[in-house]
Amino acid sequence: MSKTLVIVESPAKAKSISKFLSKNYTVKASMGHLRDLPKSQIGVDVDHNYEPKYIAIRGRGDLVKELKAAAKTADRVLLASDPDREGEAIAWHLTHLLGLNPEELSRIEFHEITKPTIQNAVKNPRKLDIHLVDAQQARRVLDRLVGYKLSPLLWRKVKKGLSAGRVQSVAVRMICDREEEIRNFEPEEYWTLDADFLCRGGSFVAKLLHKQGKKMTISSREQMEEVLQELRAAAFTVGEVKTKEKRKQPAPPFTTSSLQQEAYRKLNFTPKKTMMLAQQLYEGLDLGKTGTVGLISYMRTDSVRIADTAQEEAKGFIIETYGETYYPEEPRKFASKGRTQEAHEAIRPTSALRTPESVKGFLGREQFKLYRLIWDRFVASQMSAAVYDTITVDVLAGDYLLRANASAVKFPGYLTVYEESTDEPEKLDNEENCLKGDLAIGQKLQLRQLQEKQHFTEPPARFTEATLVRKMEEEGIGRPSTYAPTIETIQTRGYVAKEDKKLVPTELGEIVINLLKEHFPDIVDQEFTANMEEKLDDIEDGKSDWKKIVGEFYGPFAETLDKAEQKIGKIKVEDEVSDEVCELCGRNMVIKMGRFGKFLACPGFPDCRNARPLLEEIGVNCPKCGEKLVVRRSKKGRKFYGCSKYPDCDFISWEKPAPHPCPECGGVMTEKSTRKNKKYVCTNHDCRFTEEIKETE
1 MSKTLVIVES PAKAKSISKF LSKNYTVKAS MGHLRDLPKS QIGVDVDHNY EPKYIAIRGR
61 GDLVKELKAA AKTADRVLLA SDPDREGEAI AWHLTHLLGL NPEELSRIEF HEITKPTIQN
121 AVKNPRKLDI HLVDAQQARR VLDRLVGYKL SPLLWRKVKK GLSAGRVQSV AVRMICDREE
181 EIRNFEPEEY WTLDADFLCR GGSFVAKLLH KQGKKMTISS REQMEEVLQE LRAAAFTVGE
241 VKTKEKRKQP APPFTTSSLQ QEAYRKLNFT PKKTMMLAQQ LYEGLDLGKT GTVGLISYMR
301 TDSVRIADTA QEEAKGFIIE TYGETYYPEE PRKFASKGRT QEAHEAIRPT SALRTPESVK
361 GFLGREQFKL YRLIWDRFVA SQMSAAVYDT ITVDVLAGDY LLRANASAVK FPGYLTVYEE
421 STDEPEKLDN EENCLKGDLA IGQKLQLRQL QEKQHFTEPP ARFTEATLVR KMEEEGIGRP
481 STYAPTIETI QTRGYVAKED KKLVPTELGE IVINLLKEHF PDIVDQEFTA NMEEKLDDIE
541 DGKSDWKKIV GEFYGPFAET LDKAEQKIGK IKVEDEVSDE VCELCGRNMV IKMGRFGKFL
601 ACPGFPDCRN ARPLLEEIGV NCPKCGEKLV VRRSKKGRKF YGCSKYPDCD FISWEKPAPH
661 PCPECGGVMT EKSTRKNKKY VCTNHDCRFT EEIKETE
């Protein structure tokens, strides 16, 4: 019997796949890339048509020898790296390292790790797609040219250790621009008015909308007083009552971007954590008697397409579990946005029959949460629309029109399984039964009260990791595989810090971006970067030559680099001087930014190497000893709250403690945030007293 060597990227994937193949197959892992550009030099010959210089990655020599030996004893080699540009490039590099013929049918591709899919893949190998390889090479060379040419300039002009990147710099600029918008924002006053009317079984609220057919805009207390005076003298009658049925369609199954956003909103997972867990679910987990199996399809995708077989299985499950009415008349087809890799599918469970509860015992807590999210979203996407009964009541009062809305679920449809969350707070309607059946046109209404409220317009919100992913996707910055590593990089480099889950530019980040905006506007221009992504797509489609695209970019970039070297003077980033005195040499310590946030360091370095954590007080005393509580960081950089007298006092809390004890039991209360509000919750499980946090707090 002929022997076949299958090479995948990870040991976990190798373990899963080997169980689906016969003994004639040997499955080994390459551990990702085995060849790359050298770290010690640029590795791109700009004088000879941008030819890349690839070398074997240091420390992988033994692995390369092992794969070469296995390839020599095999009758054929199948390259089974991930089904994307990066995976195609890994397969291409393997053909060079192992001396394989790139024209042979040696590349296999699969989007889920299940027995039928793997067995079908090994029967249908194809040639390497050199266009995919070229697109990856173009991205790698472009990023290397920007990084290795621009970063040394930043070292010389600003500070050692800085880096600039083609995509990361645009992401930092987005955050800096948003911060500038917030600083320059000038709030404007406006007022709203709610009228509370009695109705059968309770009351309902109508909002002031129009005066003489024009939308009302009230911008001062004086204007509001005039309106109140006229309304208090007016009679309120029902002008119109509209009832209708509203249908709400389910969201499509997840793409990489939407999964990262929803996992952040619903599970509080960072994009990096989401992708790490999704990789584990994709590569396969041991399900006891079932064996090792991949639970989800490939997780780096921008497509919402679903395979016909997966839809058929979902249809059977939905009808059997929920009934015929919960399945639409036709299978759902979702349209992808922009240019997508339609060969890919959306992220979905490999089997709708494998419910979250059926695999819960084999998954870690966080793996289970993410699998349930993916399963719920996919099954819901294939279900019937939710149906609402809605009612709109217009109330007339002289020249004024007020409006009340209410809705109630008539048929839950997909809501039985899942409802998509949003980044905006929920807006609640009146209860439908307060309006239904009790109001007729011309009917007089009894006013309970008029409730005016002053507001001020608010600046745009800072980005969270989820909203930055959404913005990058909307602007065409990067691709599904780059969102999480980009966000991780800009924080690790110290350009961006996370405060209360929001991304805030550091002083260093703003200095670098201002410098790049002045001297390298294309590098941080969103449209330019998005256009470059489209050019990479053209290379993938075989429409453009990758070296020509690189040359069109590098020529102007090199000229700008030379000019910037002459124009930019040395920029000094001043450290913030603190009131803390160094106990070793007496100098005032300065505040520096490290990997896990700010810390205190002696300015006498290297003569004095004293450094210590920067204790950020939160204005709350320790419930154990009465000293100040401060912000601390775990070894993994996670924020927690501890006593300033540690280690003498060992009080810690992962949630921010309240400034007062629980009024019911005297226990410690901590701050909790929900989508609607913030509240204090007692940590005593026998008490669990809660109170809403007022805006002034």
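1 is the number of the first residue of the sequence shown in UniProt numbering; add one for each residue after it.
Positions of the beta carbon are idealized from the N, C-alpha and C atoms, including for glycine.
Around Val387, the same chain offers Glu245, Arg247, Lys410, Phe411, Gly413 as residues with beta carbons nearer than 7 Å, after the five sequence neighbours per side are excluded. For Gln367, the enclosing alpha helix (DSSP H) starts and ends at 365-381. With respect to the 8 Å criterion, Thr486 and Gly478 are classified as neighbours on the basis of their beta carbons.
For Met669, the uninterrupted beta strand (DSSP E) segment begins and ends at 669-673.
By the criterion of at least three beta-carbon pairs nearer than 8 Å, the region 414-421 is not in contact with the region 445-456. Our two residues, Ile108 and Pro125, have alpha carbons roughly 5 Å apart in a direct line. Put simply, of Glu312, Phe368, Gly61 the residue whose alpha carbon is nearest the alpha carbon of Leu98 is Gly61.
The straight-line gap separating the alpha-carbon atoms of Lys672 and His660 is approximately 15 Å.
Taking Val631 as reference, the option from Cys625, Gly476, Lys639 with the minimal CA-CA separation is Lys639.
Taking a contact to require three or more Cβ pairs closer than 8 Å, the region 177-195 and the region 451-461 qualify as touching. Following the DSSP letters along the chain, one finds Glu617 in no alpha helix (DSSP H) but inside the beta strand (DSSP E) bounded by residues 616-621.
Closest in C-alpha terms to Ala310, from the list His111, Lys628, Gly551, Lys517, comes His111. Excluding five sequence positions before and after Thr529, the CB atoms of its chain that fall closer than 7 Å to its own CB belong to Arg166, Val167, Val170, Ile477, given in chain order. The beta carbon of Ile618 is closer than 6 Å to those of Leu629 in its chain, skipping five residues each way along the sequence. Closest in alpha carbon position to Lys157, among Leu561, Val64, Tyr554, is Leu561. Taking C-beta atoms as the reference points, Ala138 and Leu536 count as a pair closer than 8 Å. In the DSSP assignment, Lys548 falls outside any beta strand (DSSP E) and within the unbroken alpha helix (DSSP H) covering 546-567. Sequence-distant Cβ neighbours of Ala601 in its own chain, meaning closer than 7 Å and more than five residues away, are Met589, Val590, Lys592, Ala611.
Note on Gln491: 16 or more other CB atoms within 10 angstroms of its CB, so buried under the neighbour-count rule. Contact check for Asp302 and Pro83: beta-carbon distance about 13 Å, past the 8 Å limit, so the pair fails to qualify. In this structure, Thr270 keeps its C-beta atom at 8 Å or more from the C-beta atom of Met299. With a cutoff of 8 Å on beta-carbon distance, Met383 and Pro250 are scored as near each other. Nearest in C-alpha terms to Arg200, of all of Phe605, Ala440, Arg688, is Ala440. Assigned with DSSP and collapsed to three states, Glu692 falls in strand.
With a cutoff of 8 Å on beta-carbon distance, Ala314 and Leu370 are scored as not near each other.
Within the same chain, and ignoring the five residues on either side of Glu240 in sequence, the residues whose Cβ sits closer than 7 Å to its Cβ are Asp394, Ile441. Counted as a single uninterrupted DSSP element, the beta strand (DSSP E) harbouring Lys248 occupies residues 237-248. Counting every other CB atom within 10 Å of its CB across the protein chains shown gives Ala235 a total below 16, marking it as exposed.
Judged by their CB atoms, Thr274 and Gln443 are not nearer to each other than the 8 Å cut-off.
Secondary structure in the region 453-495: the alpha helix (DSSP H) runs of 4 residues or longer, each lying completely within the stretch, are 465-475, 483-492 in chain order.
Put simply, of Gln280, Glu510, Lys656 the residue whose alpha carbon is nearest the alpha carbon of Val293 is Gln280.
The bridge partners DSSP lists for Ser653 are Tyr641.
Contact check for Val172 against Ile513 passes: the beta carbons are separated by less than 8 Å.
Fewer than three Cβ pairs drawn from the region 313-327 and the region 356-363 lie within less than 8 Å of each other, which leaves the two stretches out of contact. With a 10 Å radius around the Cβ and a threshold of 16 neighbouring Cβ atoms, Leu132 comes out buried. Assignment of Tyr264 by DSSP, reduced to helix, strand and coil, places it in the helix class.
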